[in-house]
């Protein structure tokens, strides 16, 4: 059942991410959720608030992966064009959802205006995605799920749809961090990778107490193989007699 | 001279970003540098440590934008394949750079091994990109610049190449944050956008003291127009009599 997991891509929409004004806070949350649900996140793209940027990316990603998750661009201002982009990509009209109109009136009363009601417009046939922070829902068309860009709202929307997503084998990871430099062990590490080609072995240098250290990660869907390969990695580090900082299993 | 700025894309390479193990810390730094240098960052992609993922993305981006900046995958382990990917994309062979070999021997002496020397291999014709943290350089082939993934090293490499990049008109931004909700002002805000179609007006909701607030940003390359449009945005917020939190000019 190797590589039989569903796949997904993330499309982050927003000028502010590309100008550097804002730092994305959504991708990592989505990535972790997908990993533990057994959905392989294969790619992320970040594009501007422009139909010419969003639509081709959306069409390419939705044809390639089981699911596409978008964030941003579902508010009431002129730069919020995700509904329009998704509708165009799927060749759908846009309708105004009366249940959402009513929800806005119930929550905001006399403050509701035409701008507010832009957030009640969706591509025809959408399944709406509620959240526990605001009235404005996200929406799902076929394999595309469009969430808000505000992290608290995005998380609530994603959490809500998780049980509806096909799940695959969870990826299990074990890691060891030590002061052994990558160059010291990379040939042996590669030999272990070659012995377990269906697992993913990664090496991540960083610094601790101003000294270089390396985290070696073994991950895969077959628990016994992950354990066996990781045992070899740990033995390899122990053989160097170099200090081990942490083992996470 | 509107829209005459050079353009760029960022390609972040690394399984760890897609599994959620690591949160990217490079895009925002690159984005801010480009904005102040007058280079328009149009797109970012995040792909896995796989040639089949890196090469097509690289070829698409380098054909489309003035510059492409990649991060990650230039170390000594088997999952570091950026040199191979760039060489393949450009149809180049890989050579071992003797000046880098010497630098490794000078720095590391007897600890240098074949793994270390993998970091002295580059596509033929590369311009090497030194950094002030480690011996291992990044490299530049035509319009593609490949940096390390470790943020301290990436920053040093990028800072080093900045003076060699074509620069355009800096994007000037002014912003006002208030407790006015987006729905309250989005029609007037859009009217200001329509009056200044060459500027970019963006609206970003967030929370402060558990209350919703909105930051309205006016940005563009024409200082006088940015000032004029921003004056209208400030007047619009003042008219609401709603509390202003901050004005940044």
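Chains as they are written, first to last, in our numbering: chain A, 882 to 1130; chain B, 882 to 1130. Glycine included, every Cβ here is placed at the ideal spot set by N, Cα and C.
| Check | Outcome |
| --- | --- |
| Bridge partner(s) assigned by DSSP for residue 892/B | 926/B and 951/B |
| Under 7 angstroms between C-beta atoms of residue 1061/B and residue 1123/B | yes |
| Same chain, Cβ closer than 6 angstroms to residue 1096/B, five either side skipped, listed in chain order | 1056, 1058 and 1085 |
| Where the alpha helix (DSSP H) through residue 917/B begins and ends | 908-918 |
| Interface flag, residue 912/A vs chain B, CB-CB below 7 angstroms | yes |
| For residue 1091/A, three-class secondary structure by DSSP | coil |
| Ranges of the alpha helix (DSSP H) found wholly within the segment 946-1007 of chain B, counting only runs of at least 4 | 963-971, 979-989 and 995-998 |
| Beta carbon proximity, residue 1014/B to chain A, threshold 7 angstroms | no |
| Residue 1078/B versus residue 1107/B - alpha carbon distance | 11 angstroms |
| Backbone CA spacing between residue 883/A and residue 922/A [nearest angstrom] | Low per-residue confidence applies at residue 883/A: pLDDT is 46, beneath 50, and the placement is therefore not dependable, though the value from the model is reported in the following sentence. Residue 883/A and residue 922/A: Cα-Cα distance of roughly 15 angstroms. |
| Nearest to residue 954/A (by Cα), restricted to the options 1065/A, 1103/A, 1020/A and 885/A | 1020/A |
| Pairwise C-alpha distance: residue 1036/B and residue 950/B | 12 angstroms |
| Helix, strand or coil at residue 1122/B [DSSP, three-state] | coil |
| Chain-order list of residues whose beta-carbon lies under 6 angstroms from that of residue 1012/A (same chain, five-residue window excluded) | 1034, 1037 and 1038 |
| CB-CB length for residue 1071/A against residue 956/B, believed under 8 angstroms | About 12 angstroms separates the two Cβ atoms, so there is no contact after all. |
| In DSSP terms, what residue 1085/A is bridged to | 1096/A |
| Euclidean distance between Cα positions of residue 1073/A and residue 1009/A | 47 angstroms |
| Partner residues on chain A for residue 1063/B, Cβ-Cβ distance less than 8 angstroms | 956, 957, 958 and 996 |
| Per-residue contacts from residue 1089/A into chain B (C-beta, under 9 angstroms) | Going along chain B, no residue has its Cβ under 9 angstroms from residue 1089/A, so there is no contact; the nearest lies around 13 angstroms. |
| Rounded Cβ spacing between residue 892/B and residue 907/B (contact assumed at less than 8 angstroms) | So it is not a contact: roughly 11 angstroms between Cβ atoms. |
| Helix, strand or coil at residue 1080/A [DSSP, three-state] | coil |
| Cα-Cα separation between residue 1087/A and residue 1029/B, rounded to whole angstroms | 12 angstroms |
| Separation of residue 1016/A from residue 1092/B, as counted between CA atoms | 15 angstroms |
| Residue(s) in a DSSP beta bridge with residue 1034/B | None, per the DSSP bridge assignment. |
| Outcome for residue 1104/A when other beta-carbon atoms lying within 10 angstroms are tallied against a minimum of 16 | exposed |
| Reference residue 888/A; option with closest CA among 918/A, 1128/A, 897/A and 986/A | 918/A |
| Boundaries of the beta strand (DSSP E) in which residue 1022/A is found, first to last residue | 1019-1022 |
| Residue-chain proximity (residue 1022/A, chain B), Cβ-Cβ < 7 angstroms | no |
| DSSP three-state assignment for residue 1060/B, whether helix, strand or coil | coil |
| Cutoff 8 angstroms; reference residue 936/A; Cβ partners in own chain excluding five residues on either side | 966, 969 and 970 |
| Below-7 angstroms beta-carbon distance, residue 879/A vs any chain B residue | What is shown of chain A runs 882 to 1130, which leaves residue 879/A out entirely. |
| Proximal residues, the segment 1100-1123 of chain A versus chain B, C-beta separation under 8 angstroms | 1100 |
| Beta strand (DSSP E) segment containing residue 1027/B, residue limits | 1025-1028 |
| Collapsed DSSP secondary structure at residue 1054/B in the structure displayed | strand |
| 7 angstroms Cβ cutoff met for residue 1001/B and residue 1022/B | no |
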